[in-house]
Structures are given as C-alpha cells and as structure tokens.
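*Asks:* Structure provided below as structure tokens; questions to follow.
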Amino acid sequence: MTVALALEQLLNGLQLGVMLFLMAAGLTLIFGVMGLINLAHGSLYMVGAFACAAVAAWTGSFWIGLIASLVAAAAAGAIVELVVIRRLYDRDHLDQVLATFALILMFSEGTRWLFGSFPLYLDIPPLLQGAVTLPGGTQYPVYRLAIIAAGAIVAIGLYMLISKTRLGMRIRAGESDREMIGALGVDIRTLYTVVFALGAALAGFAGAMVGALQSVQVGMGEPVLILAFVVIVIGGIGSIKGALLGALLVGVTDTMGRFLLPQIFAFFAPPAQAGMIGGAVASMLIYIVMAVILAVKPRGLFPAAHA
Amino acid sequence: MNRENLVNFILAVLLLAVPFAANMAGQPFYVTLATRVAILALAATGLNLALGLGGLVSFGHAAFFGIGGYVAGILATHSFSGEPLLFGLSGTNQMWVIWIVAVLLAGLLGLAIGAISLRTSGVYFIMITLAFAQMVYYFAVSWPAYGGEDGLSILVRNQFPGVMTMRPLGFFLICYVVLLVGIGLFALIRASRFGNALQAARQNEVRVATVGIQPYRIRLTGFAISAMMTGLAGALFADLNRFVSPSMLSWHMSGELIVLIVLGGTGRLFGPLAGAALYVAFEYALGGITERWQFFLGLILLVVVLFARGGLLGLLAGKARHG
Amino acid sequence: MKKLLAAATLTLSLSASGLAFAEPLKIGMITTLSGGGAGLGIDTRDGFMLAIKNSGNKDITVVTEDDAQKPELAVQIADKMIQSDQVDILTGIVWSNLLMAVAPSAVAQGKFYVSTNAAPAALAGANCNKLYFNAAYQNDNLHEAMGEYANKGYKKMFILAPNYPAGKDSLTGFKRYYKGELAAEVYTQVGQTDYAAEIAQMRASGADGIFVFLPGGMGIAFMKQFAQSGVKIPVMGPGFSFSQDVLPAIGDAALGAKASGQWAPDFDNEASKKFLADFQKEYNRLPSIYAVQAYDAAQLILSAAAKADVTDADAFRAELLKADIQSPRGNFKFNTNQHPIQDIYLTEVVKQDGVLTNKTVEKIFTDHKDAYAKDCKI
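Protein sequence lines correspond, in order, to chains A, B and C. Per the working numbering, the first sequence starts with residue 195, numbered consecutively. Per the working numbering, the second sequence starts with residue 7, numbered consecutively. Per the working numbering, the third sequence starts with residue 48, numbered consecutively.
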C-alpha cells in the first residue's frame, strides 16, 4: 500500500461524504424546522435523477437537465407537502414513518410507470469528463472533484442562507420556537412548504449529480436514504453542522473500511476468505460506528435545541 | 360483550373458518394464505407489545423475525445433513425445540439491542433500531456458511408430534393455536402490573420514575418479550415457506410489520390480526389485478394513515379505550 | 410507452385465457415485473411469450405473476400456482436466491421446473433433480469462459464480484480455468453503487486485466466510473455485465469491453435471425440474453408437449432431454444433470447504427459442460 493510494482513498471517502451531505442536509433541515421524519426523501433524490436524465436526453445538455432536476424535485416536494406532509406535522413519528413509507411505494412504482423498467442513460457532461493528475502523481476523476466542490458550495450557501437572509432567520426561529413565529405573523404554512421544497431540491440535485456517476434506476434512493439517516442521527438530528461532519465521518469510515479491512483480515486468513470476511465486516462498519456513538451520546454529536 | 370483543371474536372465528371452507372447496392455497395471515399477525402482536403498549417505535423488528427464521433453517439443515452444529450438538427437525431456541435467541438479541437503543428516544430510537437490523441483515447477506443472499431451503417442513405438518391445514392449525396463545399472552401482559407500568412509562415517564419504577428496565423487559414473540413468528414463517433468506431481515420487513399494526389499529389486542388479514388480502387481490399493485398498496396505506387513524378495528369497533 | 402497452395487453389476454378450464398444459411463470430488477423479468416474459405465440399452440396457457424480487412472495405465488391454478410446469425466475426458495419444493411436489436464467451450483450437482431443467447455463459457465479467455494474453488479473453466492461462484468459475497470477480478488457489497475505492485499488495493483461480475445497476455504475477514472486496463466480464438491458444506460463507456456469452444479436444462423426479427417486431427493442434463454425454455416445453403428455412425467422428461429445438444459440444439448451443453463465445461491445450491442469475436468453448454434472446421479 502506497501513500498515494491511501490519499486517493481518503479523497474518495471525502467525496462519498459530500454526496451524503447533499442528501442529509435536506433531511435534517426538514426535521429541524418541522419535526418531520421523511422516509420519502430518497424518492425525491430519484425524481431529480430521472428528471435530469430525461431532460438531458431530450435537450442533449446535462446542464439543462441539472436545472430540470432542481425544478422537478422542488415541485414534487411542494406538491407532496401540500397534499400529504402538511397533515403529518401534528402526528407522532409513527404516522410520519408510515405515511412516508407509503409515499416511497407510490413514487417507485409511479416512476416505473412513467419511465419503464430499464435504467436510463445519463452521462457526465463533456466539460467534467476524464481525470486530472493530482500532486503526488495520482490520477483522479474530474467529476468527483466537481462533486466535492458542489458539496462545498452547497454547504456555504446553506450557511449563508440560514445565517444571513430573512428566510434563514425564519427557519432559525422555526427551529427554536414554532408557536412563537406563528404568533409573530409569519405565514408558517408557506414557510414549511418552502423549506420542504428546498430540502427536496437539494435531494434532487444530489440525485442528478450522482445519477450521472452511477445508474439512474427505480429504487436508487433507498440505499442512500438509509445512509443519510445514519448521517443525521450521528450528527444530531436537526443540525446542519452535524450533518456535514456526520456525512464526512460516514463517507471516510465506509471507504476506508472497505479498503483496509480485507487487508487486515489477510494477516489471519487466506486472501479469498479475508476478502469475504473483510467485506462482510466493512458492510456493517458504519452501523457499528453509529451504534457506538449513540450508546455514548444518545442524541448524536451535535444535538439540536429540541428533537 | 362490548363491540370490540365481538369484532375480535368474529375475526378469530373467521380466520379459523376460512381455511376449513377453502380446504373443502379444494382450494388449499387459501389455507396457505390464512397461515401467512396468522404468522404475520403473531409477529406484529410481538411488535405491538413494544409499539402499542410501550410506545417504542422499533424500525428493526425484522432482525428478530429473521433470527427466528434462521434458527429454524439452520437447525433443520443440520438435522437433515447430520452434521453437528456447535459443541457437538446436533440439529433438530422438531418444531417445539426450534421454537424454544428461536425464542431464547431472539430474546437475547432483543436484550442486547434494547440495552443500547433504549438509551435513546424518539427519532433516534427509530433509527438506531433500524441500524441494528441493517447490521444483522448485512451479516446474513455476506456470511457464506448458510447461503448468504441465496438463503437456506428447508426441503421438508419440521415435525410436530401428532400433526401432518406438510398438509396445509395441519400446519395452519399449529400456527393458529400459537397465534391465539400469543394474543392471550399480550392480553395478560396488558392487564398485569408490569403491563400497566409499561403503558404508564409511555404516557408519562416522569411520573413513573417518581413512584420508584425505572422506566428503562420496564421498557427493556418489554422490548425483549416483544422480540421473543416476533422471533417465534419468524421460525413459523420459515417453516411456512420452507425457506429463509436475508429478505426476512430487510428494512422493508420492519416497515411491513409496523404497517400491519397501524392498518389494524395501534395498541389493540386484535389489531395485528386485522391488519395482517387486510394486508395479505390487499397484496393478493391487487397483485392479481395489476402489475402496479405496489402503487395502489401505497395509496391505500396513505389514506389509512391520513384519514382512518384507528385502523380497521377503529372503523369496526369504534374508538379505542384509553388504557 | 407503446411497448409497455403492448406488453400489458399481452398480459391481459393471457390472464383472460387463464380462465379457461381443462387445458392440456398449464405453465406458471413467476418473474420480476416490478421494482429495480424488473427489466430482466420483462425480457424473460417477452422472450417466453414470443415462442408460445409463434407456435400457435392453443392448448397451452401461461399464468404470469410478479415476484417483485422477493423470495417470500415468490414462494407464495408458487404455492398458489401449484395448489390453486394447478400448473404443470413452473418457470421464469431470474434470481438464484428466489429459485432456491421455489424450485426444490416445486419439484418435491412433482412439478417440472424449467429455469430461464438462475442456475445455482446447488441444483447442478448432488442435489440435481429429474424434474429440474435449466435452459440457460450453469451459473459458473460464462465466468469459466472468461477465465479461459484471460489465459491468452493476460498475466495478472484483478477480479471483482459482489459478496453473495452468485458472486463467489463467479470468481470460483473464473479461477477454475484461469492459470495466471491474481493481482487481487475483491468482494464488494451487494447493491453497491460507488466503486471509487475499488478502482483506486485497481490502479495501484499493477494488473494487466480486470474481470468484473456486476449485474444490473452495479455494472452500470462501475463502468461509468471506471471510464472516468483514467485507468486504462482492459475490462472483461460475463455476458450479464454488458447485456442489452444495461448497455443503453452505460453508454459509450462500455465500448470495447469483452464479455462471454452463449448468444449475441449478430449470430449467423436462421433461428437467431428469425428470433431477432420477431422480437424487434413484437416489442420494438433489442432482446437481451435473458429473452433468448426464456425463448428457448418455451421452445423446449413446446417440443416436449408436442410429443408427450405432461401427466406422464417420465415420457415428458425424456422428450425435454432430447432438446429437439432450433435454438438461436446454435448448438444446444442437455447434459446428464439437465443443464445445457453449449458453445460459449467471446463478444465485444460495439456501436452499430448508433445502438450499443454485442458483436461476436470468437468461440471460446465448444460443447462446454459444467463442473458439477459428475456429482449428479439421476
């Protein structure tokens, strides 16, 4: 194992973490402001990817597709909020889990209805194709670097939005005292719809970015959704800072685990077996990390004000 | 007899009558369907102990369901092949032995998961139980000894003294009796001092603590018992399908178990049975009508959660008593 | 949309004819028609129905149901088909884990099972069964062919598969024939969609060839990421990794990839040309290898049904074993364990008229048999 390889893997972990952050940010924002647990967040991710793929195929431009993914996911989010989610704010988490579980079934089958059963084609735009040579001589895909950059921009953008704008002020107010901002005359229903659509747009953006790198198919949101939940639970539900750190921790742990564990087990077992056992433990690793963190800090690393 | 008891009684009789009628009509498949209802109802009754009485929304009960299934599968495989299991112990194809092992192991796993998970609450509890179930799921998928993702086939159903288990009706009767015992146990626990403490801890934790009861211990005990019952159902489920695989451990399974309870009516004695019957009927009927059945299943669920909060029993038997 | 409608009407007309009673032969098709893996099931169903339709045989009914890729549901449907619909033959399952849940108990109840795809080692060797036929291959075959191919010109291979039984069978099959050195043997998580860590290892490994078995979405993700990584090592895999169901989604990143297969759309025999033309006419898309396998499974059943009554299991089995069909694959015989003996070819992904497809390069194996037949005592 060389230093260059280890560095490349670290970068891979970082990039996975950034991808997870894009998902987790919306999820944790929605929970922070509305106290809602949204299992259908992965479906909005899928909506973004499908919208991007369909529009990119139609127009021939990934970038128009990317914009379409934001619009489609935000629109889907707003509609879902108006029709369904709105009725769930006063319910307990059980009802929220169930209703959004039902939404997953509908979104998945509905998408298949519209787009058919085969995965869609979505490729990386020409501008971001290929690999660059990093200091130290390793080659690294441009697109993955672009994802890291996009994640950083989103993180900064969210920070600015929440700390500097009027909307952000209302969001913060909503997080600390829900009744109060209603009493102060802020239209809380509109605020909730806007926040939900914002979270959905973030998920859709992540879906489009990742869809170009992976595959655009029905059910693509579910594995990411569970990882995103792990992230926000580790970080402390409702905390954007927690989501960012949680995402990076999960990304790096998962990547390094998959890379290092088989090699560690190779000291004790023949290579084929070490690969299997190492792979098995690696796939459980982030859940183990999560259990340990929650055992020590039951409300995550950065507990939000309520929750 | 109040209205809810009457509805419960009718449900229990119906579940018994349908398979006999189907069997006589030469439609043994409906016996299998009824068996599925009984087993899922038992699993959900187990979960209902934690969720309905204790207010513990476990999103990881598939772990216990799957453990029960794997106990049945692994013991049966070893009995079939004659290879010793652990410490020279051999496998078995006797259901009652399998049940005891399944209940014990599920209970132990429940204690372990509960001990850590119950330190958290609310959404954190939902998510940490999910995480533990995912851990068990990935372990089962990647552990090669017992089939991994492919799962384990049990060629012949396990034995029960005096019953022809391969006959659909015989196996149904076993499951039906076990379900009734499970529901009876649920009723006993709900009425017991322990059950009262468990429900009180859900309603007002502080008050329970001030009268000198530790909510943590009460909940942990409740969680473990809940795991045991779901584990037992898992063992039966493996025997029903003559097959066990990691999909019994998947998070979709955990979600389905919650769905059953809410469909039937949360916290009610016969809620899980009503929910399981409804769910299996939907799945079967919709699957026959359209390829898009999952879409309509989702739609129905959504409507129930949004507009019919008491579930099926709420509709049939009126409001739940506050207990 | 149009093809979906066509498929839907076909299913409707099928379920309608399923209502008729006292038909001589009833086939139960359990396959994946919803969820992420639905593409494979739809190709299976369409290929199968094409052969039934072409035969014009009105005495055969097919009941089709969706297993949603869930083993428990597959078992339930199988129970229903056996107990209520009283089918004579079951077929259609795509995935090995679902097959293991259904087939052993179906044959134990005296029903035929003719597999259109899944072919786990467990049913090819000591646990083979008189009533279980496989019309596709044995799971290891295509991997073995790539191992044989890699012997020519590759000295240090990096091999990778998902960490589940079919993945382990895959790498075992590859190693059975590959004689060179292994740079690494890596198992990834089932359903994994990010392969950055593995690609980094490939880059550092000094391998001169890469063998991957990653069906469905996993393969799409891997190939796209590999193309972006700047790693220039040639990639090869079994046919599933570059089958027609995933090629359009991978796009040009798949160009030049070598794979093994029992069939490719450019096969130069009458049966293949007819199949290709009929399939495209009926469904307006290129068939995948799953469609061919299902087509042959239906042809096999039809050929046996023409000469024997399914209620006479021994006679029906004897007719099936003769494999008296014109397979698009060319040579097709059954081995003693009722798995195919067939030729396996090397294919390469090319672009023809703007469509990505597999082109045949050379024959790797002639009359290839699987490694488990010797353990099968029928």
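Think of the CB as a built atom: it goes at the ideal place given N, C-alpha and C, for glycine as much as any other residue. Everything numeric in this text was worked out from a predicted model, so none of it was measured.
Across the region 29 to 44 of chain B and the region 213 to 224 of chain B, are there enough close Cβ pairs to call them in contact, namely three or more that are closer than 8 angstroms?
*Replies:* Verdict: no, contact absent.
*Asks:* Within a Cβ cutoff of 8 angstroms, which residues of the same chain sit near C:E70, ignoring the five residues on either side of it in sequence?
*Replies:* The predicted model places C:E70 with a pLDDT of 46, which falls under 50 and marks its position as unreliable, so this point remains unresolved.
*Asks:* If you reduce the DSSP assignment to three classes, tell me which class B:S96 lands in.
*Replies:* Reduced to three states, the DSSP call for B:S96 is coil.
*Asks:* Report the partner residues of C:Q399 according to the DSSP bridge assignment.
*Replies:* According to DSSP, which records beta bridges pairwise, C:Q399 is partnered with C:V402.
*Asks:* Is A:T253 close to chain C, meaning its C-beta is less than 9 angstroms from at least one C-beta of that chain?
*Replies:* False, the Cβ-Cβ gap to chain C never drops below 9 angstroms.
*Asks:* Enumerate in chain order the residues of its own chain whose CB-to-CB distance from A:M228 is below 6 angstroms, with the five nearest sequence positions on each side excluded.
*Replies:* Once the five neighbours on either side are set aside, the close Cβ partners of A:M228 are Y283, Y386.
*Asks:* At which residues does the alpha helix (DSSP H) containing C:F258 begin and terminate?
*Replies:* Here C:F258 belongs to no alpha helix (DSSP H); instead the beta strand (DSSP E) covers 256 to 259.
*Asks:* Which residues in the same chain as C:E409 place their Cβ atom closer than 6 angstroms to its Cβ, once the five residues preceding and following it in sequence are excluded?
*Replies:* Only L393 meet the Cβ criterion.
*Asks:* Could you round the C-beta distance between B:F302 and B:L318 to whole angstroms and report it? I think they count as a contact, below 8 angstroms.
*Replies:* Actually they do not touch by this definition, with Cβ atoms about 17 angstroms apart.
*Asks:* Would you mind working out which of B:V13, B:Q220, B:A137, B:G88 sits nearest B:I122, comparing C-alpha positions?
*Replies:* The option with the nearest alpha carbon to B:I122 is B:A137.
*Asks:* Is the shortest distance between the beta-carbon of C:S112 and the beta-carbons of chain B less than 9 angstroms?
*Replies:* Reading off the sequence shown, one finds Glu at residue 112 of chain C, where the question assumed Ser. For C:E112, the answer is yes, since a Cβ of chain B falls inside 9 angstroms of its Cβ.
*Asks:* Of all Cβ atoms in chain C, is any one closer than 9 angstroms to the Cβ of B:S251?
*Replies:* True, the Cβ-Cβ gap to chain C drops below 9 angstroms.
*Asks:* Answer yes or no: do A:V424 and A:M478 have a C-beta to C-beta separation smaller than 9 angstroms?
*Replies:* Their beta carbons are not under 9 angstroms apart, which means A:V424 does not touch A:M478 by this criterion.
*Asks:* Which of the three DSSP states is assigned to B:L305 in this structure?
*Replies:* If DSSP states are grouped into helix, strand and coil, B:L305 belongs with the helices.
*Asks:* Is the number of C-beta pairs between the region 302 to 312 of chain B and the region 69 to 89 of chain B that are closer than 8 angstroms three or more?
*Replies:* No: the two stretches stay apart, fewer than three of their Cβ pairs being nearer than 8 angstroms.
*Asks:* Check whether the region 180 to 189 of chain C and the region 341 to 348 of chain C touch, using three or more Cβ-Cβ pairs below 8 angstroms as the test.
*Replies:* Contact between the region 180 to 189 of chain C and the region 341 to 348 of chain C is present, because at least three Cβ pairs lie under 8 angstroms.
*Asks:* Quick check: is the beta carbon of B:A137 nearer than 9 angstroms to any beta carbon in chain A?
*Replies:* Output row for B:A137: interface = yes.
*Asks:* Expressed to the nearest angstrom, what Euclidean distance is found between the alpha-carbon atoms of B:G273 and B:A47?
*Replies:* About 13 angstroms.
*Asks:* Please report how far the alpha carbon of C:T413 lies from the alpha carbon of C:G157, in whole angstroms.
*Replies:* Distance between the alpha carbons of C:T413 and C:G157: 34 angstroms.
*Asks:* Could you tell me which residues DSSP puts in a beta bridge with C:P431?
*Replies:* There is simply no residue 431 of chain C to check, as chain C begins at 48 and stops at 425 in what is shown.
*Asks:* When DSSP labels each residue in this structure, what does C:K226 get in the three-state scheme?
*Replies:* C:K226: coil per DSSP, three-state reduction.
*Asks:* Thinking just about the alpha-carbon of each residue, which of B:W257, B:M254, B:F35 is nearest to the one in C:S131?
*Replies:* When each option's Cα is compared against that of C:S131, the closest is B:F35.
*Asks:* Which residue or residues does DSSP assign as beta-bridge partners of C:A231?
*Replies:* BP columns for C:A231 point to C:F205.
*Asks:* Are the C-beta of B:Y36 and some C-beta of chain A separated by less than 9 angstroms?
*Replies:* B:Y36 does not count as touching chain A.
*Asks:* Going along the chain, which residues of its own chain have a beta-carbon closer than 6 angstroms to the beta-carbon of A:I382, five neighbours each way excluded?
*Replies:* Taken in chain order, the residues that qualify are G376.
*Asks:* Assuming C:E112 is part of the beta strand (DSSP E), what are its boundary residues?
*Replies:* Note, C:E112: beta strand (DSSP E), 107 to 113.
*Asks:* Once you ignore the five residues that flank B:L321 on each side, which residues in its own chain have a CB closer than 8 angstroms to its CB?
*Replies:* A314, listed in sequence order.
*Asks:* Determine the chain A residues that contact B:R223 at a beta-carbon separation under 9 angstroms, and present them in chain order.
*Replies:* Per Cβ cutoff of 9 angstroms: no residues; B:R223 is ~17 angstroms from chain A at best.
*Asks:* State the CB to CB distance for the pair B:I267 and B:L57, rounded to an integer number of angstroms; the pair is presumed to be in contact (CB under 8 angstroms).
*Replies:* Indeed they touch by this definition, with Cβ atoms about 6 angstroms apart.
*Asks:* I believe A:A270 touches A:V241 by the beta-carbon criterion, under 8 angstroms. Please report the beta-carbon distance rounded to the nearest angstrom.
*Replies:* Their Cβ separation, rounded to whole angstroms, is 5 angstroms, which keeps A:A270 and A:V241 in contact under 8 angstroms.
*Asks:* Excluding the 5 residues flanking B:N29 on each side, which residues of the same chain have their C-beta closer than 7 angstroms to its C-beta?
*Replies:* Here the set comprises V37, L175.
*Asks:* Is the region 211 to 229 of chain C touching the region 195 to 202 of chain C, taking contact as three or more C-beta pairs under 8 angstroms?
*Replies:* Yes, the region 211 to 229 of chain C touches the region 195 to 202 of chain C.
*Asks:* Any chance you could list the alpha helix (DSSP H) runs of at least 4 consecutive residues sitting entirely within the region 290 to 343 of chain C, in chain order?
*Replies:* For the region 290 to 343 of chain C, whole alpha helix (DSSP H) runs of length 4 or above, ordered along the chain, are 294 to 297, 317 to 330.
*Asks:* So who's on the other strand from C:K424, going by DSSP bridges?
*Replies:* Answer is none; C:K424 lacks a bridge partner.
*Asks:* When you compare the region 416 to 431 of chain A with the region 282 to 291 of chain C, are there three or more beta-carbon pairs, one atom per stretch, that lie closer than 8 angstroms?
*Replies:* The region 416 to 431 of chain A, when compared against the region 282 to 291 of chain C, does not touch it at the 8 angstroms Cβ threshold.
*Asks:* State the DSSP-derived secondary structure class of C:K73, mapped to helix, strand or coil.
*Replies:* It is a strand residue.
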